[in-house]
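Protein sequences appear in the order of chains R and U.
Be aware that the first sequence starts at 12, since it is given in our numbering, and climbs by one per residue.
Be aware that the second sequence starts at -15, since it is given in our numbering, and climbs by one per residue.
The C-beta atom is built at its ideal place from N, Cα and C for all residues, glycine as well.
Fair warning: this is a prediction, and the values are worked out from it, not measured in the lab.
All remarks here apply to the structure that follows.
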Amino acid sequence: MPDCDLPFILSLCVQPTVVLDAEQTLVAINDAATDKGFAPGAPLETFCVINPGARAILRKCRVSTNRKRFNTSLADGTEVEAIGWRLGGPFRSDGLVILKLLDVASARSHFIVTANDVRHQRRSQRLLSLNDTLAADVERLDRLASRDELTGLLNARAFREAMDARIADDAAFALIYLDLNRLKLINDTLGHRAGDIAITEMAQAIMDSIRGEDVAARLGGDEFAILAAGPLSTVGMASLIARIGDRLDNAAQNATLDPKLKYSAAAGIACWPQDTALASDLEDLADRAMYRSKAKRLAMVFARTLDLDQSYGEPAFHFPATKARSAR
Amino acid sequence: MTISPTTLLIDEDRATRLNDTDFFGDVVAELAQTLEETVGLSDAEGFIATVGENIGERISDIYDTGHAVTKSYIAQILVDLKDRIGGDFRVVEITGDKIILTNSRCPFGDRVIGKTSLCMMTTNVFGHVVADRNGYAHVRVAESIAENGNHCSVTVTLDANSADTSQGTEFFSG
């Protein structure tokens, strides 16, 4: 037996704890075990009911320092859970097994409470995870419902909602309608893929040109819209349109579909509340201005000039004379 | 009424894990996690260790005990048994009375990550196999994939006098 004291080690255990030799005779016990009626020198079975299953586990306790559990009952009928293992380290040569005896009622109720807690926790975690997935799905659907699939710009519905919000906030803005010129011709002569490229280049030119507080949308087909925030000066709006035109020029130059391909757009501008206080009238004004711009091959037309039959500035960008469609 | 499997709507990507090996592996991993969450890591290790001891006994019986017990032979057994169950252990070194092994894959696969109680399977299988032939074994898992490492490192000590018993588990021949 090594110098370190078995009784001292046992005194550190709160639960009734005993030490057994190879014949399962008690060689040492602590005070809590004494209180339960255990006494050293007697076989364990004097104090506990050891069924065949428990006996087999007790044998295994001698084989390693792993803790093993089994249920048993004391001589007075109290059910206990035993935890046993071989004493290692300085005691390894003595072949001793230490056995702790736990009150099974409190151990079981703790287990049940903990198991319920774990189930509840896992259920909550699953619900939180489902919630996160649902929130992500809602966000994705919301994005799909408000965005144009090809360009990523807002769609018409979302754009009108943004415009209504600005009007409700009494925040001045300029509504710019843009029409990509000759989209049908591009589709017919170069194919729909080329047409899609033209649409995405237009969208990119708009995104590269607008400010952070502005909003852009593809209304459908070759029609785009910008909601330019704040009361913009005529020069400011002209600069915006010019930037879009410059970027369209660069896009066409980089395109390899047709070296003679040039992109261009017509623009109509109506300002709220200067040009009209009604949203429906505003759209109509911007539309008419855009068509005037298209008809006269002008860079842009302001709605306020419609009745004056005047236009602003020289054409900033243009489209070459169309070729006759080749016979197939 | 016969239902042909081809008529079932199934996510084929997820269905690759619906086979007997993965199913039972998943069940074991879930049991280990439930144990750890319910009774705590220490007690969960105890339950897994009990299972590991029984498995270790069975595996130990598979290998011949009549062969001369040498460190290299013992190491061969440990590598072989792991190889047969999907782990890829190899010997790093055999020095003095220690055998140091390492691997890059656990037989439980990635499902072992976060479930350190499952390391008691290796501890107990190794411990029993070695103790049955050597009379004694001390097994320590120094690093593990379960603890988010990229490999496991297991040291088996054959001499009780040089074992650091402050960590790991000791095994004795039954």
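Same chain, Cβ closer than 6 Å to residue i, five either side skipped, listed in chain order
{"i": "U:G119", "result": "S157"}
{"i": "U:H122", "result": "T141, A147, G152 and E154"}
{"i": "R:L191", "result": "M213, D233 and A276"}
{"i": "R:T200", "result": "none"}
{"i": "U:V63", "result": "F73"}
{"i": "R:R303", "result": "V312"}
{"i": "U:G70", "result": "P91"}
For residue i, the three-state DSSP class (helix, strand or coil)
{"i": "R:P63", "result": "helix"}
{"i": "U:K82", "result": "strand"}
{"i": "R:N198", "result": "helix"}
{"i": "R:R390", "result": "Since the displayed chain R opens at 12 and closes at 339, residue 390 of chain R lies outside it and no answer follows."}
{"i": "U:N87", "result": "strand"}
{"i": "R:P18", "result": "helix"}
{"i": "R:A93", "result": "strand"}
{"i": "U:S101", "result": "helix"}
{"i": "R:R193", "result": "coil"}
{"i": "R:K273", "result": "coil"}
{"i": "R:C282", "result": "strand"}
{"i": "R:V30", "result": "strand"}
{"i": "U:V76", "result": "strand"}
{"i": "R:R73", "result": "coil"}
{"i": "R:L309", "result": "coil"}
{"i": "R:R158", "result": "strand"}
{"i": "U:I69", "result": "coil"}
{"i": "R:L152", "result": "helix"}
{"i": "U:T153", "result": "strand"}
{"i": "R:T316", "result": "helix"}
{"i": "R:F49", "result": "coil"}
{"i": "U:V53", "result": "coil"}
{"i": "R:P101", "result": "helix"}
Presumed contact (8 Å Cβ cut-off) between residue i and residue j, rounded CB distance
{"i": "R:A281", "j": "R:L296", "result": "4 Å"}
{"i": "U:G93", "j": "U:G9", "result": "6 Å"}
{"i": "R:L186", "j": "R:A236", "result": "7 Å"}
{"i": "R:A10", "j": "R:Y274", "result": "A question about residue 10 of chain R goes unanswered here, because the residues of chain R that appear run from 12 up to 339."}
{"i": "R:S220", "j": "R:I255", "result": "5 Å"}
{"i": "U:T139", "j": "U:I84", "result": "5 Å"}
{"i": "R:L251", "j": "R:R177", "result": "Contact doesn't hold; Cβ gap of about 17 Å is too wide."}
{"i": "U:I39", "j": "U:V109", "result": "6 Å"}
{"i": "R:R99", "j": "R:I109", "result": "According to the sequence as given, residue 99 of chain R is Gly; it is not Arg. At roughly 10 Å, the Cβ-Cβ gap does not stay under 8 Å, so R:G99 and R:I109 are not in contact."}
Neighbour-count burial assignment, residue i, 16 or more Cβ in a 10 Å radius
{"i": "R:M213", "result": "buried"}
{"i": "U:N145", "result": "exposed"}
{"i": "U:T141", "result": "buried"}
{"i": "U:V11", "result": "exposed"}
{"i": "U:V160", "result": "Past the edges of chain U, shown from -15 to 158, lies residue 160 of chain U, and the structure says nothing about it."}
{"i": "R:A310", "result": "buried"}
{"i": "R:E56", "result": "exposed"}
{"i": "R:M174", "result": "buried"}
{"i": "R:N62", "result": "exposed"}
{"i": "U:N134", "result": "exposed"}
{"i": "U:P91", "result": "buried"}
{"i": "R:A263", "result": "buried"}
{"i": "U:M104", "result": "buried"}
{"i": "R:N77", "result": "buried"}
{"i": "U:S26", "result": "exposed"}
{"i": "U:T106", "result": "buried"}
{"i": "R:E92", "result": "buried"}
{"i": "R:M248", "result": "buried"}
{"i": "R:F19", "result": "exposed"}
{"i": "U:H51", "result": "exposed"}
{"i": "R:L152", "result": "exposed"}
{"i": "R:L141", "result": "exposed"}
{"i": "R:R134", "result": "exposed"}
{"i": "U:T22", "result": "buried"}
{"i": "R:F184", "result": "buried"}
Contact set for residue i: own chain, Cβ-Cβ below 8 Å, skip 5 residues either direction
{"i": "R:C24", "result": "N41, A43 and K111"}
{"i": "U:N132", "result": "I97 and G98"}
{"i": "R:V49", "result": "Looking at the sequence itself, residue 49 of chain R is Phe, so the reference to Val does not match. For R:F49, where only same-chain residues beyond five positions count, the Cβ hits under 8 Å are P27, V29, L37, I40 and F58."}
{"i": "R:A182", "result": "A240 and G241"}
{"i": "R:S22", "result": "N41 and D42"}
{"i": "R:M301", "result": "Y188, L189, D190, A277, A278, G279 and V312"}
{"i": "R:L164", "result": "R158, A214, I217, M218, A227, A228, R229 and F235"}
{"i": "U:T34", "result": "none"}
Residues near residue i by beta carbon distance below 7 Å, same chain, minus five either side
{"i": "U:D48", "result": "none"}
{"i": "U:A16", "result": "A28, I32, K99, S101 and L102"}
{"i": "U:E20", "result": "A28, K99 and S101"}
{"i": "R:V60", "result": "T83 and S84"}
*Whole beta strand (DSSP E) elements within the stretch 114 to 145 of chain U, 3-residue minimum*: 120 to 127 and 136 to 141
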